[in-house]
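Structure, as structure tokens:
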Amino acid sequence: MKYDITVIGSGPGGYIAAVRCAQLGMKVAIVEKYNTLGGTCLNVGCIPSKALLDSSEHYFNAQHTFSEHGIGVGKLELDFPQMIKRKSEVVGVTTGGVEYLMKKNKIDVFTGMGSFKDKNTILVSGEKEQTIQTDKVIIATGSKPSTLPFIKIDKKRVITSTEALELQKLPKSMTIIGAGIIGCELGSVYARLGTKVTIVEYLDRIVPGMDKDIAKELMRSMKKNLKIDFQLSHKVTAVSTTTRSTTVTAENKKGESVEFKAEYCLVAVGRRPYTEGLGLEHIGVSTDERGRIPVDEHFQTAVPGVYAIGDVIKGAMLAHKAEEEGVCVAEFIAGQKPHINYRLIPGVVYTWPEGAGVGYLEEELKEMGREYKVGKFPFKASGRARASMDTEGFVKVIADKETDEILGVHMLGPRIADLIAEAVVAMEYRATAEDIGRMSHAHPTFAEAMKEAALDAWAGMPLNI
Ligand code: FAD
Ligand code: NAI
4 MKYDITVIGS GPGGYIAAVR CAQLGMKVAI VEKYNTLGGT CLNVGCIPSK
54 ALLDSSEHYF NAQHTFSEHG IGVGKLELDF PQMIKRKSEV VGVTTGGVEY
104 LMKKNKIDVF TGMGSFKDKN TILVSGEKEQ TIQTDKVIIA TGSKPSTLPF
154 IKIDKKRVIT STEALELQKL PKSMTIIGAG IIGCELGSVY ARLGTKVTIV
204 EYLDRIVPGM DKDIAKELMR SMKKNLKIDF QLSHKVTAVS TTTRSTTVTA
254 ENKKGESVEF KAEYCLVAVG RRPYTEGLGL EHIGVSTDER GRIPVDEHFQ
304 TAVPGVYAIG DVIKGAMLAH KAEEEGVCVA EFIAGQKPHI NYRLIPGVVY
354 TWPEGAGVGY LEEELKEMGR EYKVGKFPFK ASGRARASMD TEGFVKVIAD
404 KETDEILGVH MLGPRIADLI AEAVVAMEYR ATAEDIGRMS HAHPTFAEAM
454 KEAALDAWAG MPLNI
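So for the sequence shown, this note's numbering puts the first residue at 4; every next one is plus one.
Given below as structure tokens:
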């Protein structure tokens, strides 16, 4: 049989592209090298990390905030293996959901490593060798953790996020290299459970790419509540190990060499596109200086009929970005004219308080010379936040000085990973700060902070502060 489309990789980019292609009437095959579908996101990324973030947050709250709510729990115990087991069960149910979607949409799943023989022939090397004939191909092979040239990831003591989601015994101490999204999320998980966490970061701030005020306030909160030791402006120069410990050597601002010893070293310095073994050379597709596959505005590579989406191409390495591209590429192939507004892809860090942002950063607007005004509302002035004892953080709305159009929204606070969706809707419809400030928001909710920050940005007239 000849397929209309073969998708290589079953992460959120690949499986969503496969579903949309099938919905649009194409006969689709999907190739995945692992036995479970769902890619990084479902197996070793978004879902397992959020499962552990939620579990560790319950434990932390039971230890630190329940008594203030009037709840005594007696002697609190941590069953770490059970926490990891529950995480794996959540992953199992979620990846099973993708299998169901493949069946529902009559998509044929091939298990094994996919590689190009030519642009219409994909070899699948798994338990048995198979060949797929196909009209078009979508590459959605995602990314892998990257490292520093001098670090050997032994997966025992020097680990990546993948191993950090699978530990069987709670570490006493952990040094994390990189205060990006993974460093802050997994650092939170372990610090909440009692591990002594040190985060060594090259820059003078955490979570690069997010609003500076959020980064500052989030770091203050993680230091105070979770006792995480942040070592900013430290350039890691070496990592050594014994069977039971790791030593991270870094150079501080003064040029001095300092050492951080811990049971584990988690390397969280970014991810790199994954194209190994794909046989791109057999079709004449080359990668750019960062290993990404170059594509045009229709996600087509240099070879007609071969497309690429998700972490393996340029742009933010986010599941929802990969999903949007999956839908878009399928619709382009079907002759439609879809569109992605990359400026409005939100970014979230699932710490507690959560951090999120969408649209322009203040620095970007300054660089562009665009005049803007800022409205802010702190959660400590929110009745809902006081009721739940989640008063850290704020909502910041940035609007055009002349037109009042919302240009950026940045938040730190409780459940704002969900609240940022309101900002995305507002900005997709090019709402003004006044529009949001005049819309009714249920009381009491965390969302009222968005309304208040908008009122502040519009005319400096928030109502509850
Ligand atoms: P992937 O999900 O990486 O999937 C690619 C798939 O292709 C894999 O299953 C791989 O096995 C397969 N593959 C590769 N080569 C071949 C081949 N030759 N043949 C067959 N199969 C192949 N993003 C968010 O938006 N929110 C989050 O909360 C979030 N949390 C994260 C937490 C962690 C710890 C990590 C590591 C990442 C997280 N991400 C998060 C990022 C997110 O997981 C990725 O952006 C997303 O998975 C990218 O999707 P993708 O489809 O491009 O690739
Ligand atoms: P990242 O790019 O977010 O952070 C890497 C950090 O490492 C940066 O702060 C960088 O300055 C630092 N660093 C680099 N070299 C260093 C050195 N030599 N010494 C010290 N620090 C150094 O990458 P991270 O956290 O590994 O995440 C990878 C990707 O996964 C991100 O692009 C992110 O988009 C995605 N992800 C998304 C999540 C979410 O949406 N909530 C959660 C987890 C991952």
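Glycine included, each C-beta is placed from N, C-alpha and C at the ideal position. The structure displayed is predicted, hence computed values, not measured ones.
Where DSSP assigns a beta bridge to residue i, which residues make up the other side?
i                 : result
glutamine 303     : Tyr310
serine 118        : Leu126
cysteine 268      : Val161, Thr178
histidine 435     : A quick correction: the sequence has threonine, not histidine, at residue 435. Threonine 435 is bridged to Glu408.
glutamine 133     : Val127
arginine 274      : Pro148
leucine 415       : Gly358, Phe397
glycine 378       : Val400
isoleucine 8      : Val31, Lys139
serine 260        : Glu254
phenylalanine 113 : Val34
threonine 201     : Thr178, Asp232
Assuming residue i and residue j are in contact, meaning their beta carbons sit under 8 angstroms apart, how far apart are those beta carbons, in whole angstroms?
i              : j              : result
glutamate 268  : threonine 240  : Inspection of the sequence shows that residue 268 is occupied by cysteine rather than by glutamate. The Cβ separation is near 13 angstroms, so there is no contact.
methionine 225 : isoleucine 231 : 5 angstroms
tyrosine 353   : glutamate 188  : 6 angstroms
glutamate 262  : threonine 246  : At roughly 18 angstroms, the Cβ-Cβ gap does not stay under 8 angstroms, so glutamate 262 and threonine 246 are not in contact.
tyrosine 6     : isoleucine 135 : 6 angstroms
glycine 294    : arginine 274   : Wrong, their Cβ atoms sit about 10 angstroms apart, outside the cutoff.
glutamate 405  : glutamate 374  : 7 angstroms
glutamate 220  : leucine 45     : Contact flag wrong, Cβ pair sits at about 31 angstroms.
valine 10      : alanine 21     : 5 angstroms
proline 148    : serine 164     : 6 angstroms
threonine 304  : valine 298     : 6 angstroms
glycine 17     : isoleucine 33  : 6 angstroms
isoleucine 544 : isoleucine 423 : In the structure as shown, the chain begins at 4 and stops at 468. Residue 544 is therefore absent and cannot be evaluated.
valine 210     : isoleucine 185 : Not quite, the Cβ-Cβ distance comes to about 10 angstroms (not below 8 angstroms), so this is no contact.
valine 382     : glycine 396    : One detail in the question is off: residue 382 reads as phenylalanine in this sequence, not valine. Correct: roughly 5 angstroms between the Cβ atoms.
aspartate 207  : leucine 235    : 5 angstroms
Just to confirm the assignment, what range does the alpha helix (DSSP H) spanning residue i have?
i              : result
glutamate 60   : 49–67
alanine 241    : Per DSSP, alanine 241 belongs to no alpha helix (DSSP H); it is in the beta strand (DSSP E), 238–244.
isoleucine 19  : 15–26
lysine 107     : 83–107
methionine 371 : 365–371
glutamate 326  : 322–336
arginine 195   : 184–196
serine 391     : 386–391
Could you spell out the range, first to last residue, of the beta strand (DSSP E) harbouring residue i?
i                 : result
valine 352        : 350–352
alanine 253       : 249–254
phenylalanine 449 : Phenylalanine 449 -> no beta strand (DSSP E), and no H or E assigned at all.
Any C-beta of chain D sitting closer than 8 angstroms to the C-beta of residue i?
i          : result
valine 261 : Here there is only one protein chain, and chain D is not present.
Quick one: does the C-beta of residue i sit closer than 7 angstroms to a heavy atom of the ligand MG?
i           : result
cysteine 44 : Only the ligand FAD and the ligand NAI can be found as ligands here, which leaves the ligand MG out of the picture.
Around the ligand NAI, Cβ to any heavy atom closer than 6 angstroms, ordered along the chain: The filter returns Leu151, Ile180, Gly181, Ala182, Gly183, Ile184, Ile185, Gly186, Glu188, Val203, Glu204, Tyr205, Leu206, Pro211, Lys238, Val239, Ala271, Val272, Gly273, Arg274, Ala319, Met320, Leu321, Val351, Val352, Tyr353, in chain order.
Sufficient close CB pairs (3 or more, under 8 angstroms) joining the region 177–191 to the region 73–92: The region 177–191 is not in contact with the region 73–92.
Meets three-Cβ-pair contact criterion under 8 angstroms: the region 375–385 and the region 397–408: Segments in contact, yes.
Three-pair Cβ contact test at 8 angstroms for the region 450–461 versus the region 430–441: Contact holds between the region 450–461 and the region 430–441, because three or more Cβ pairs, one in each stretch, are under 8 angstroms apart.
contact_flag[the region 88–106, the region 46–65] where n(CB pairs < 8 angstroms) is 3 or more: Taking 8 angstroms as the limit for Cβ pairs, the verdict is that the region 46–65 does touch the region 88–106.
The region 360–371 in contact with the region 333–340 per 3-pair CB rule at 8 angstroms: Result no; under three Cβ-Cβ pairs closer than 8 angstroms.
Sufficient close CB pairs (3 or more, under 8 angstroms) joining the region 138–155 to the region 14–30: Three or more Cβ pairs drawn from the region 138–155 and the region 14–30 lie within less than 8 angstroms of each other, which places the two stretches in contact.
Validate contact between the region 386–394 and the region 443–450 using beta carbons, cut 8 angstroms, 3 pairs: Judged by Cβ distances under 8 angstroms, the region 386–394 makes contact with the region 443–450, as three or more pairs qualify.
Segment contact, 8 angstroms Cβ cut-off, at least three pairs: the region 318–335 with the region 344–362: Taking 8 angstroms as the limit for Cβ pairs, the verdict is that the region 344–362 does touch the region 318–335.
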